[in-house]
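Count along the sequence shown starting at 1, add 921, and that's the number in this note's numbering. Below is one structure, written out as structure tokens; the observations come after it.
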Amino acid sequence: MIGDVKKTALGLLLGLLWTCAPPTRYAPLPPTPKPRTEIALIKGRYSGTVEACLRALGLPYAEFSPEAISGDTLRVFRMVIVPYLSEPSDSILDVLEAFVEGGGKLMLFYSLPDRLAELLGVRRVGYIRREYEGQFSEIRFGKDRPPGFPKRVRQSSWNIYIVEPASPEAKVLARWYDLKGRDTGYPALICSPAGCYMSHVLLEGDLDGKVLMLAGLVGHLFPDLWPAMARGALGRIGKVGEFTSLEALREVVAANGGRAFGLLRAAEQLRARAAWDIRRGRYALALLSSLKARNKAVEAYAEIQPSREGELRAVWLHNAFGVADWGWRKTAEVLSQYGFNAIFANMLWGGSAHYPSDVLPVSERAREEGDQIAEAVKWCHRYGLEFHVWMVNNYLGSRTPEEFLEKLRAEGRLQRSRDGKELPWLCPSHPENRRMEKEALLEVVRRYPVDGVHFDYIRYPGAFACYCDGCRERFQRDTGIKVKHWPDDVISGPYFTEFQAWRREQVTRLVREVSREVRRIRPDVKISAAVFSNWTTARFHVGQDWKLWVEEGYLDFVCPMDYTTDPEQFREWVLRQVEWTRGKVPLYPGIGAYRMMDGEEVLHQVALARSMGADGFVLFSYSPRVAREFFPLLHRGVTKSKTSPPHRWDWASFRLPEGLRYSCGDSIGAEVELDRLPKDVRDFRADVVLE
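Right under this line is the structure:
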């Protein structure tokens, strides 16, 4: 009898545990109506991360420019999010003030006009710029944080407003911590019944942490939105790359097997847990499980990407002194460790250089810290990376010494807009500017064992320039045309076509002369350019005729700057660029990693570039965040095995005999004979491309 009772109790206990345990198989939730659009976003600078968080939560929102908002437009919304609002007009403040006074909630980042500060119960007491590297690296929430908030969020801010609560209802939810985990004492987030304020803009990086933070803020103000946010995150789990569901991803993963399959299984189990938590009203837990599930799905997607042979895997780096405070040894070591094979580092501008130049003014920092090209080449070559010197042509930026700028101005070497305004750009038609930029690049090639020289800003700033007196004089001299109404006659008048051709030639001439001289001095050095994505408009708008540079053989490869977060736009750009280059030189699309919120976007664009026929890729730009968040994912598949870039290959072309035809499906063979291999080459591979 006692034994029977024990067995019965044990059975009940096991049944209870089974009932409480989350399932391992996903059961779809019953459909619910699509969430209403209850959030208005004042779009502008720094709104990208907020938008990414809202999309990750499945929260629909309406976008408005600051000037477009009114009492009528905001009346239908419950919340207004303002990622950044620079110098708002009184009328904009009137609208936002009326919105909050009418019961709406305001989420405000960084900018804090006095009128809005009073509404939110926040007092601005000062401003502080970062005093040391990593001072504002994290936003940390206390143990008494409301439900749904993460413990910490990575941020890396460079300055903040110093704020404090100004009313009993306003509370500090989070503070700024530095890179070593020390509390700076400065509030990061203050919330009140009227809304929330963050003392800096919301930056890229740590997207999951920021999604959780934004969800916590929205849920804190509107608890009834938690179900919609949890369901939104659940529905996004399988939307990875070109896939729309975990089931679609599973079909490909199953064919590959390996680690990808285990990662996908983990994603499926986490999805099941998230759905189970939603059914039980545990929305914050469901959101966390959904984010983890999507990360596993992205990792599985990364695992199935092949590591191709003969591909450029490169980065652009604007900082001549290495990434952040890493120095060149760590900069090169990390890049090599993750399977990249080249770097384009910005070592000189139109008016300054980060090495001991005899042609350009040497930057103050380079005078203090030494020759950066020598340092970079040493470490890059030690770690097996190609090093390409990147020059910002024509554009002077902010590094040009004032005395040198005055010299350029006095000699008439600066560009002018159509209305005569001086621009901080070298005029490409001025022979002394062309000589200076050419000699600077040749100086680099003679002095250092660089692998390539890389043009950037090799163009005009826009259609509005250059119309200086020198351009007028040289255009008339070169063409024999006498312009009566300058610049109108060449902008929209009878000489538009002639001027456009002449204008393009001023830019092309530098590319042609540098190409010819570099190959004479050192034939092994590769010549390349970062160019606008759309050649057909760039040749008119900025005088950049890069398709011609490819066709004439001035470049060894080309890197269109295809910076977009829209995969369809990226696909369209690369497809056209493949047509324009047609295998004459390798095509390496530039991917705007700096604009991307998570590694899945980078992986997807690499996959798209490969599928369109590109020969590699370049990420813009190399930073601690890109290295931390994107490199490990790429190294799971895309960059897993080391390889050399195809611009180091020898190319040969031939034509089929006249009259010879093949049909689709026919087998084609090609025989390649070499007299001998170079001493340093042990084997080779022949790729045959038919056009």
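Yeah, the Cβ is synthetic: ideal placement off N, Cα and C, and Gly gets one too. Just so you know, these numbers come straight off a predicted model, no measurement behind them.
Heavy atom of the ligand SAM within 7 Å of residue i beta-carbon
i	result
A1195	Questions concerning the ligand SAM fall outside what the structure shown contains, since it holds no ligand whatsoever.
Selected residue, minimal CA-CA separation from residue i, among the options
i	options	result
D1487	P1481, I1512, Y1053	I1512
H1462	E1493, Q1490, V1435, I1379	I1379
A1384	M1357, R1425, K1359	R1425
F1030	V1043, A1221, G1558, A1187	V1043
D1536	L1335, G1272, C1480, R1337	C1480
A1266	V1313, Y1259, D1246, W1247	V1313
W1346	Y1388, D1145, H1375	Y1388
H1525	L1037, V1161, P943	V1161
E959	Y1107, F998, R1549	F998
E1360	A1274, Y1381, R996, P1086	A1274
L1555	R1337, I1199, Q1258	Q1258
A1548	L1206, E1254, F1020	E1254
P1034	R1061, V1003, Q1056	V1003
V1174	A1223, H1141, G1047, P1148	A1223
Beta bridge counterpart(s) of residue i as assigned by DSSP
i	result
G1373	H1309, K1447
G1511	M1482, V1539
K1026	M1000
S1113	G1116
E1059	R1075, Y1098
Y1048	Y1082
Y982	I960
Y1316	W1346
Beta carbon of residue i nearer than 8 Å to that of residue j
i	j	result
L1138	C1117	yes
D1477	S1454	no
H1309	D1246	no
R1073	E1054	no
A1241	M1268	yes
I1081	I1111	no
L1281	I1264	no
F1491	G1520	no
P1567	N1262	no
E1090	S1113	yes
L1027	A1115	yes
W1470	A1459	no
R1443	V1366	yes
E1358	G1271	yes
L1076	F1062	Here residue 1076 turns out to be Gln, not Leu, going by the sequence shown. In this structure, F1062 does not lie closer than 8 Å to Q1076 by Cβ.
D1571	A1451	no
V1374	V1298	no
L1146	T970	no
S1436	E1364	no
R1337	H1351	no
Helix, strand or coil at residue i according to DSSP, with G and I counted as helix
i	result
A1641	Outside the modelled stretch of the chain, which goes from 922 to 1612, sits residue 1641, for which no answer is possible.
G1248	helix
L1124	coil
R1395	helix
L933	With a pLDDT of 41 at L933, under the threshold of 50, the modelled position of that residue is not reliable, and no figure is offered here.
D1104	strand
Y1204	helix
Q1336	strand
I963	strand
E1592	coil
M1268	strand
R1549	helix
W1237	strand
V1283	strand
L1184	helix
V1043	strand
A948	coil
A1087	coil
F1453	strand
A1384	coil
Any 3 or more C-beta pairs closer than 8 Å across the stretch 1015–1026 and the stretch 981–997: These segments touch.
Given 8 Å, three or more beta-carbon pairs between the stretch 1126–1137 and the stretch 1552–1567: no
The stretch 1216–1232 / the stretch 1177–1188 touching (three or more Cβ pairs under 8 Å): yes
Inter-stretch contact (C-beta, 8 Å, three-pair minimum) for the stretch 942–952 and the stretch 1005–1012: no
Inter-stretch contact (C-beta, 8 Å, three-pair minimum) for the stretch 1512–1522 and the stretch 1537–1557: yes
Stretch pair the stretch 1200–1215 + the stretch 960–969: three plus CB contacts closer than 8 Å: no
Segment contact flag, the stretch 1331–1347 with the stretch 1294–1311, C-beta cutoff 8 Å, min 3 pairs: no
Three or more C-beta pairs below 8 Å linking the stretch 1322–1331 and the stretch 1392–1402: no
At least 3 beta-carbon pairs within less than 8 Å: the stretch 1429–1443 vs the stretch 1285–1292: no
Given 8 Å, three or more beta-carbon pairs between the stretch 978–985 and the stretch 1145–1160: yes
At least 3 beta-carbon pairs within less than 8 Å: the stretch 1175–1183 vs the stretch 1080–1097: no
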